[in-house]
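Data block below; observations after.
Right, dumping it as structure tokens:
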């Protein structure tokens, strides 16, 4: 199967948007903001040089491009995009959301080490994603506590740490947001961080476009499964074993095994292969 032309048609517009944005940084000092002009051509000189065994952003992005050519299920692609973005920024947690501007809300599609109600829907006047939409571009906060309508509790370490969000664009429209949390109290995000995260946002935009064109089933379209069960089902479709699924989702193989059993029971399928076949046909048979 080839990648639909719709996704590639947007790449130029997306790239141009990423090259001419400004990040708004809020440090909480009477609402004073500082703007930083950025140029995406410098993104390859991002912070990865600090690593003792540096990973090339270009190599990572090339691998993601290969994934986009052969995988159309949205959740695993967004999870892989987010995981690589977080790692190259030397952080540990983040999220990717999709936006429904007409309905006035956004959906938390994937998160890493955030526990911020992944799979739920929130109004566009809440959270970092809402702030990205209002800013019309990248935005950063020196502390998450400054985020209007934030969802993280004061008891969470991230509440007092920096956070950055960049828009995911299809043409002029903002269809989502990539959000990354600082990994230490002293961490502040800079222009290089913005540029690098914007490159991952381009890949997320292509993944979202492909999913929409092909009408790939999502959690909202398949009743009966929890968000975690749908994640496991997506990997069953790809023929992944429990241990590999566990590593990708950050859970134990035993937990994956339990989810598989629940999926089989809910679907009435007799095997993992039958579940995969139903998903591929777009007829999971979930009751």
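Numbering (the numbering used here), first residue to last: 10 to 296.
The beta carbon of each residue, even a glycine, is placed where N, CA and C say it ideally should be.
Length-filtered (4 minimum) alpha helix (DSSP H) runs lying within the stretch 187-223: 200-223
Status (buried if at least 16 other CB within 10 Å, exposed otherwise) for residue 9: As shown, the chain starts at 10 and ends at 296. That puts residue 9 outside it, with no answer to give.
Classification of residue 5 by the beta-carbon crowding that lies within 10 angstroms, buried from 16 upward: The structure shown does not extend to residue 5, since the chain spans only 10 to 296, so no value can be given for it.
Short Cβ contact (7 Å threshold) for residue 95 with residue 116: In the chain shown, residue 95 corresponds to position 86, counting from 1. In the chain shown, residue 116 corresponds to position 107, counting from 1. Against a cut-off of 7 Å, the Cβ pair of residue 116 and residue 95 comes out as no contact.
Closest Cα partner of residue 172 within the set 141, 179 and 164: Numbered from 1 along the chain shown, position 163 holds the residue referred to as residue 172. With distances taken between Cα atoms, residue 172 lies closest to 141.
Inter-residue spacing [alpha-carbon to alpha-carbon] between residue 132 and residue 158: As a first step, residue 132 must be located in the chain shown, where it is residue number 123. As a first step, residue 158 must be located in the chain shown, where it is residue number 149. Straight-line Cα distance between these residues: approximately 9 Å.
Residues bridged to residue 182 (per DSSP): For the purposes of this step, residue 182 is taken as the residue at position 173 of the chain shown. Note: residue 182 sits in a beta bridge opposite 179.
Which listed residue (219, 217, 280 and 220) has its alpha carbon closest to that of residue 248: As a first step, residue 248 is located in the chain shown; it is residue number 239 there, counting from the start. If we check each option's Cα against that of residue 248, 280 comes out closest.
Range of the contiguous alpha helix (DSSP H) that encloses residue 236: Reading the chain shown from its first residue, position 227 is the one you call residue 236. Residue range 236-246 is occupied by the alpha helix (DSSP H) that includes residue 236.
Closer than 6 Å: residue 98 CB and nearest the ligand NAD heavy atom: With respect to small molecules bound, the structure shown includes none, and the ligand NAD cannot be examined in it.
Residue 120 - partner residues in DSSP beta bridges: On the chain shown, residue 120 is found 111 positions in, with the first residue counted as 1. Answer is 104, bridged to residue 120.
Which of helix, strand or coil DSSP assigns to residue 128: Translated into the one-based positions of the chain shown, residue 128 becomes position 119. Reduced to three states, the DSSP call for residue 128 is coil.
As assigned by DSSP and simplified to three states, the class of residue 161: By one-based count along the chain shown, residue 161 stands at place 152. Three-state result, residue 161: coil.
Simplified DSSP state of residue 172, which is helix, strand or coil: The residue you call residue 172 lines up with position 163 of the chain shown. The answer is strand: DSSP assigns residue 172 an E or B state.
Inter-stretch contact (C-beta, 8 Å, three-pair minimum) for the stretch 206-217 and the stretch 190-197: no
Counted within 10 angstroms of its Cβ, other Cβ atoms place residue 278 as buried (16 or more) or exposed: By 1-based counting over the chain shown, the position of residue 278 is 269. With 16 or more Cβ atoms within 10 Å of its Cβ, residue 278 is classed as buried.
Collapsed DSSP secondary structure at residue 114 in the structure displayed: Sequence index remark: in the chain shown, residue 114 carries index 105 (1-based). In this structure, residue 114 counts as strand in the three-state DSSP scheme.
Which of helix, strand or coil DSSP assigns to residue 145: Counting from 1 along the chain shown, the entry for residue 145 is found at position 136. In the structure shown, residue 145 sits in coil (DSSP, three-state: anything other than H, G, I, E or B).
Other residues of its chain near residue 152: CB distance less than 6 Å, five sequence neighbours each side excluded: For the purposes of this step, residue 152 is identified with residue 143 of the chain shown, where counting begins at 1. Listed in chain order, the non-local C-beta contacts of residue 152 below 6 Å within the same chain comprise 169, local neighbours out to five positions each way being set aside.
Candidates 83, 84 and 93, of which the one nearest residue 206 by Cα: As a position in the chain shown, residue 206 is number 197, starting the count at 1. Checked all of 83, 84 and 93; the closest Cα to residue 206 is 93.
Selected residue, minimal CA-CA separation from residue 242, among 167, 270 and 221: By one-based count along the chain shown, residue 242 stands at place 233. With distances taken between Cα atoms, residue 242 lies closest to 270.
Same chain only: Cβ atoms within 8 Å of residue 238, ignoring 5 sequence neighbours per side: Here residue 238 corresponds to residue number 229 of the chain shown, with the count starting at 1. Cβ neighbours of residue 238 within its own chain (closer than 8 Å, five residues either side excluded): 268, 271, 272 and 275.
Cβ-based neighbour list, residue 192, same chain, cut-off 6 Å, excluding 5 preceding and 5 following: The residue given as residue 192 occupies position 183 in the chain shown. Excluding positions up to five away in sequence, the list reads 100 and 101.
Residue 98 beta carbon less than 7 Å from that of residue 202: Working through the chain shown from its first residue, we reach residue 202 at position 193. Working through the chain shown from its first residue, we reach residue 98 at position 89. Going by C-beta atoms, residue 202 is nearer than 7 Å to residue 98.
Residue 145 versus residue 109: straight-line alpha-carbon distance, rounded: To locate residue 145, count along the chain shown from 1; it is residue 136. To locate residue 109, count along the chain shown from 1; it is residue 100. Straight-line Cα distance between these residues: approximately 15 Å.
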